[in-house]
Amino acid sequence: MNSTASTQNAAAAGAAPTPRSTSRTKEILGRVWAAPMGRIAALMIAALILVACCAELLITHNPTAQILSRTNEPPSWLGGEGGHLLGTDPLGRDVFSRILVGLRLSLLIGFLTATATALIGLTLGLLAGYYERFVGGFLMRMADIQFAVPFAAVGIALAAFAGPSVVLLMLVLAFWGWTNYARTIVSLVQQTKRLDFVTAARTTGASPVRILVRHITPNVLGPVIILWSTSVGTLILVESSLSLLGLGVQPPGFSLGSMLADAQKTLRLAWWAAVFPGVGITLVVIAFNLLGDALRDAFNPALRSLTENDPELT
Amino acid sequence: MLVHLLRRLALVVFVAIGVSTLLFALVRLSGDAATLLVPADASPEVVEATRARFGLDQPLAVQYLNTILANFTLDFGQSFMFGLPAAEMVFARLGPSLWIVLPPLIISLVGALSIGIFAALRPTRLSGRSLMVVTFLFDGIPYFWLAMLLVLVFAINLQWLPATGNADFSALVIPWIALSIYGLATLSRLTRGQLLDAFTEGHVATARSKGISPARVLLLHALPTALPPVLAWLGIQFSLMFSALLILEPLLNYNGLGALLVGSVSNRDFPMIQASVFCLAVLITLMNILMDTIVRAVDPRLRTKAAH
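Which chain is which? The protein sequence lines are U and H, in order. If you read the first sequence in our numbering, its first letter stands for residue 3, the second for the next number, and so on. If you read the second sequence in our numbering, its first letter stands for residue -11, the second for the next number, and so on.
As C-alpha cells, then:
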C-alpha cells in the first residue's frame, strides 16, 4: 500500500509543479473521506490492517498449537470449553487466533500482488497506448488470448509442473492481471497523447519516457488506483480459491483461504472452522470493493470535468 | 455485420494458436516432454518410443508446427487416466458443465434486469437503496464459501439436497444457487448504473418530455441504451463462471470439465490438460463472440457506426 501511495504522490507530483498536485491528491482523499461509503471503507481497512499487524497482542491461543484433547470444540458462546471464542478446528487449533494471524498473510498477498499487477499493467498500458500500431496491436491481441484462458487453469497447470508455491502463484497472478489495467487505460493514453500539452512537451524535445512518465501517467492514474483497490479483494479471493485445490499457501503457513480449505473436509464436524474464515474473507473483499467505489466517485468529477472541458477528449 | 463476424471468428483461430503456444511452452519449460506424455511409471523403452512417435526428437520448430496442427484437428493424444482420446473425454464432460453454468447465467440476466430496473426507478427511495446494499454485500461473498454454506445448511443440517456428486437433478441446486448469486450481484449493480446513466441522456429526456409513458420510455428508449454493457458483461460472467467450475466441481464432487481438468493436473495427464485448456479457451472465445454479436445487433449506436 505504501509503495502505491508513494508512486501516486510521485507521479502526481510530476504532473505539474508540486504544490498543485499534492493538493489534488489531498482533494481526492478528502472526497473519499467525505463520502459515507468511503469513510466506512477507510475505517474497515484501517481496522483490518491494525488487527493483522497487532495479531500477536489480540490472540487468545497459540494459532499453531494443536491441542489434541480439544479438537472440534464449538465456540465458547455455544458451550465449547477452553475459552475458544470461535471454536477449534479438527486439529485442535484455535480458530479465532488463526483468523487474526491468517488475515496478515491474506492481506499481504493481496497488497503485494495488486501493486505488482498495477505497475506491470500501467507500464504495458502506457506502451500499448503510446505506440498504438505495433506494440499496442500486439499487446491487445495478447490480451484477447489471455482473456480466453481462465487464470485458475493456468495456476493449476503451473502448480502441477513447478510444484505448489505461493510466491510463484503471486508472480504469475501479477503478470496475468495486466490486461485489466491495459484495457482500461489504453484509450485514455491514446486520447491524452494527442492533447496540446503533450505535443508541446514533444516539441521541446522531451523523450518518450519523460512524456509517458511525467505527462501521461498522471492523467491515467485515476482508473489505475480504482482498479488496484478492487483487485486487492479479488486477488485474496483467487488465492483462497486455489487454496481449496491445495495450490495456495502451504503449511505451516496459513491464510484465510487455506483455513477454509482445511475446514472444507470436516464441514460436518466443525462448521465454525469453515464459516468464520469465510466471514473474514467476505469482510476484506467488501471493504476493498467499498473503497474502489468511493475512489471511483472521488475521481469521476475530476475525470468528467477533464473530458467536458476538452472537446478533443470526447 | 458479416465482415465483423468474420473478423471475430479469426480471433478464435488466433486464440487457439496462442493457447497452443502457451501450452507448448509450458510443457517444454517443465522438462523432458516425452516423460510428461507417458504415465509416470513407464519404462525407458516406452519413453523412447513415445519420443519417436510424437516426433519429440525433431527440431523445436518442427515440433511446434506439428503440435499446432494436431491441436487444430483436436488430436491431443490418449488420456492416461481413461485410455480414451482426450478430446472425446472433454466433449463428454462439456455437457454436465454447461448444465451447471447456463441456468445460473440465464437466472443472473433475468434477475439482474428485474433488480436493476426496480432499483434504477427508485434511486433515492429506501427500497431501491437497500436492494443495492444487499447486492453489494452479496458481491463480496466468495462463491466457493457460499457453496460450502449451502452444503452445510441444505445438505448436512436439513438434508434436503445431496452434498456432492451428480447423481440427479437435485445435486445441481447448490451450484446453481451459488453461481446465480455470484452473477446476480455484479450484473444487477451494473444494470442499475447503466440505466441511471441512460436516464440522463438526451434522447431519453426528449422521449419523456414528449409525454411518452414511463414504461415505454424505459423499454424503448432507456433500456436499449443500457443493455449493451450488461450483455457484454454476461460474456465475461460466462468465463468467470467456467473458472469457478474449476473450484466448485472438485469441491462438490461433480463430474464436469472443471473436475476433469483439476484431476488430470494432479495425475499429470498431459494430453488431458492440453485438450481441456484448449477447448475451454475456444469455448469462452466463442461465447464472447456470440455476446459481442448480440450487443451489436441490440445497440443502435454501433449499428449506425457500422453503416458509415
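Backbone N, C-alpha and C define an ideal beta-carbon position, used for all residues, glycine too.
Non-local C-beta neighbours of H217 of chain U in its own chain, meaning closer than 6 Å and more than five positions away in sequence, comprise V200 and A203, ordered along the chain.
In the assembly as shown, Q147 of chain H is an exposed residue. Its beta-carbon has fewer than 16 other beta-carbons within 10 Å. A check of alpha carbon separations from L246 of chain U across U:A263, U:Q252 and U:V211 identifies U:A263 as the nearest. Of U:T119, U:G282, U:R33 and U:C56, the smallest CA-CA separation from T232 of chain U is found for U:T119.
In this structure L249 of chain H is in contact with I158 of chain U, their Cβ atoms being roughly 7 Å apart against a cut-off of 8 Å. Nearest to I105 of chain H by alpha-carbon distance, out of H:D257, H:T213, H:M279 and H:S252, is H:T213. Residue environment: W180 of chain U is assigned as buried (16 or more neighbouring CB atoms within 10 Å of its CB, all protein chains considered). Around the CB of W79 of chain U, fewer than 16 other CB atoms lie within 10 Å, so the residue is classed as exposed. Proximity of chain U to I103 of chain H at the Cβ level (cut-off 7 Å) is not reached, the minimal Cβ distance being about 18 Å.
Proximity of chain H to W273 of chain U at the Cβ level (cut-off 7 Å) is accounted for by L140, in chain order. Put simply, the backbone Cα of H63 of chain U is about 51 Å away from that of G71 of chain H. Using beta-carbon distances, W133 of chain H counts as an interface residue toward chain U, with a partner under 8 Å. Taking all protein chains shown into account, A43 of chain U has 16 or more neighbouring C-beta atoms within 10 Å of its C-beta and is therefore buried. Of all residues in the region 237 to 252 of chain H, the ones placed with a Cβ closer than 8 Å to any Cβ belonging to chain U are P238, L239, L249 and V250, in chain order.
At least one beta carbon of chain U lies nearer than 8 Å to the beta carbon of M136 of chain H. In the three-state scheme derived from DSSP, where H, G and I count as helix and E and B as strand, D63 of chain H is classed as coil.
The continuous stretches of alpha helix (DSSP H) do not include G94 of chain U, and DSSP gives it neither H nor E. Between the region 123 to 131 of chain H and the region 282 to 298 of chain U there are three or more inter-stretch CB-CB distances shorter than 8 Å, so the stretches are counted as touching. In the DSSP secondary-structure assignment, P73 of chain H is bridged to H:Q66.
The CB of L268 of chain H comes closer than 9 Å to the CB of A150, V151, P152 and A155 in chain U, given here in chain order. Excluding sequence positions up to five before and after A116 of chain U, its CB lies within less than 7 Å of the CB of W230, S233, V234 and L237, all in the same chain and listed in chain order. Within the region 248 to 278 of chain U, L262, Q266, L269, R270, W273, A276 and V277 place their CB atoms closer than 8 Å to a CB of chain H, listed in sequence order. Exposed is the label assigned to I144 of chain H, since fewer than 16 other Cβ atoms lie within 10 Å of its Cβ. Excluding five sequence positions before and after D287 of chain H, the CB atoms of its chain that fall closer than 7 Å to its own CB belong to P216, given in chain order. Look at T213 of chain H here: in three-state DSSP terms it is helix. Residue contact check for F230 of chain H against chain U: a CB pair falls below 8 Å. For N221 of chain U, the enclosing alpha helix (DSSP H) covers residues T219 to L246. Relative to G282 of chain U, the option among U:I30, U:A54, U:I213 and U:G40 whose CA is nearest is U:A54.
A distance below 7 Å between beta-carbons, with the five flanking residues on each side excluded, links P92 of chain H to the following residues of its chain, in chain order: W164, L167, S168, G171 and M229.
Of all residues in the region 26 to 51 of chain U, none comes within less than 7 Å of chain H when Cβ atoms are compared.
Within the region 130 to 206 of chain U, the complete alpha helix (DSSP H) runs of at least 4 residues fall at 139 to 150, 153 to 164, 168 to 178, 180 to 194 and 198 to 205. For F258 of chain H, the closest of H:S8, H:I95, H:G99 and H:G223 by C-alpha to C-alpha distance is H:S8. Proximity of I288 of chain U to chain H, defined by a Cβ-Cβ separation below 8 Å, is satisfied. In its chain, beyond the 5 residues on either side, A100, L101, I103, G104, I105, A108, A214 and V218 have a beta carbon closer than 8 Å to the beta carbon of T179 of chain H. For V89 of chain H, no CB of chain U lies under 8 Å from its own CB, so it is not counted at the interface with that chain. Looking only at U:D146, U:L239 and U:V34, the smallest Cα-Cα distance to L(-1) of chain H is reached by U:D146.
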